Amino acid sequence: MVYNVELKAPAQDEFANLRTQVKWQNPDDKTLKASIENSLFWVTVYDTNKLIGTGRVVGDSAMYFYIQDIIVAPSYQKQGIGHLVMTHIENYLSNTCSNSATIALLSAHGKESFYTQYGYVKRDGGGLGLGMCKFISK
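Heads up: the sequence shown begins at 186 in this note's numbering, then just goes up one per residue.
Here it is as structure tokens:
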């Protein structure tokens, strides 16, 4: 199946709906709006007009970048959409990061192997599986 990939933020209501589909809580509208608007980079994936996947990068645009909200709608998981999102994010980061930048993310427990294939390494987060980072050296 071919999906439409856009390098732009989703509408607030569709992003909130996608978060709800994966059982993530949504903040208040003002916070969610600011979060969307203050991101450095977005990847959104659509099946026709339906948002089915997202990913974004936040940070200071210089030394620190953080990958956030890699979300795929439950009925579309295991179809390569997460990889599609991460490929666009990795391309953005490789073209944006300085030679001493740090990229970090928090992985859901049990999902660490998804990120290790992109070069991210586990940090000692105990049984929670939290805290991964990637140090860029050019």
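From the three backbone atoms N, C-alpha and C, an ideal C-beta is built for every residue, glycine too. Predicted model, so just to flag it, every value in this text is computed and none were measured.
Check your understanding: How is Y303 classed by DSSP in three states: helix, strand or coil?
Key -> Counted from its first residue, the sequence shown places residue 303 at position 118. In the structure shown, Y303 sits in coil (DSSP, three-state: anything other than H, G, I, E or B).
Exercise for review: Following the continuous alpha helix (DSSP H) through V270, name the residue where it begins and the one where it ends.
Suggested key: Working through the sequence shown from its first residue, we reach residue 270 at position 85. V270 -> alpha helix (DSSP H) spans I266 to T281.
Exercise for review: Tell me, please, whether the segment 205-218 touches the segment 239-252 by the rule of three or more beta-carbon pairs shorter than 8 Å.
Suggested key: no
Check your understanding: Could you check where the alpha helix (DSSP H) with L217 kicks off and where it finishes?
Key -> Residue 217 sits at position 32 when you count from the first residue of the sequence shown. First-last of the alpha helix (DSSP H) with L217: D214 to E222.
Practice item. Go to N202, then tell me how far its alpha helix (DSSP H) extends in each direction, as first and last residue. Key: The residue you call residue 202 lines up with position 17 of the sequence shown. Element bounds for N202: Q197 to Q206.
Practice item. Would you mind reading off the limits of the beta strand (DSSP E) that contains V243? Key: Locating residue 243 in the sequence shown gives position 58, where the first residue counts as 1. Taken as a continuous stretch (DSSP letters only), the beta strand (DSSP E) holding V243 covers K235 to G244.
Review point. How is Y261 classed by DSSP in three states: helix, strand or coil?
Key: Within the sequence shown, numbered from 1, the residue matching residue 261 stands at position 76. If DSSP states are grouped into helix, strand and coil, Y261 belongs with the helices.
**Study point:** Beta-carbon proximity of Y188 to I252, cut-off 9 Å
**Key:** Mapped onto the sequence shown, residue 188 falls at position 3. Mapped onto the sequence shown, residue 252 falls at position 67. Not a contact, by the Cβ cut-off of 9 Å.
Practice item. Assign F320 to buried or exposed, taking buried as 16 or more other Cβ atoms, counted over all protein chains shown, within 10 Å of its Cβ. Key: By one-based count along the sequence shown, residue 320 stands at place 135. With fewer than 16 other Cβ atoms within 10 Å, it is exposed.
Review point. How is the beta strand (DSSP E) around L328 delimited, first residue to last?
Key: Residue 328 is absent from the model: the chain starts at 186 and stops at 323.
Point to revise | Reference K235, options E191, Y300, D214 and E275, closest by Cα | key: Numbered from its first residue, the sequence shown carries residue 235 at position 50. Considering only alpha carbons, the answer is E191.
Practice item. Mind the definition here: the segment 216-232 touches the segment 285-299 only if three or more C-beta pairs lie below 8 Å; say whether that holds. Key: no
Point to revise | First through last residue of the beta strand (DSSP E) which encompasses S231 | key: Counted from its first residue, the sequence shown places residue 231 at position 46. This sequence places Tyr at residue 231; Ser is not what is there. Unbroken beta strand (DSSP E) run through Y231: F226 to D232.
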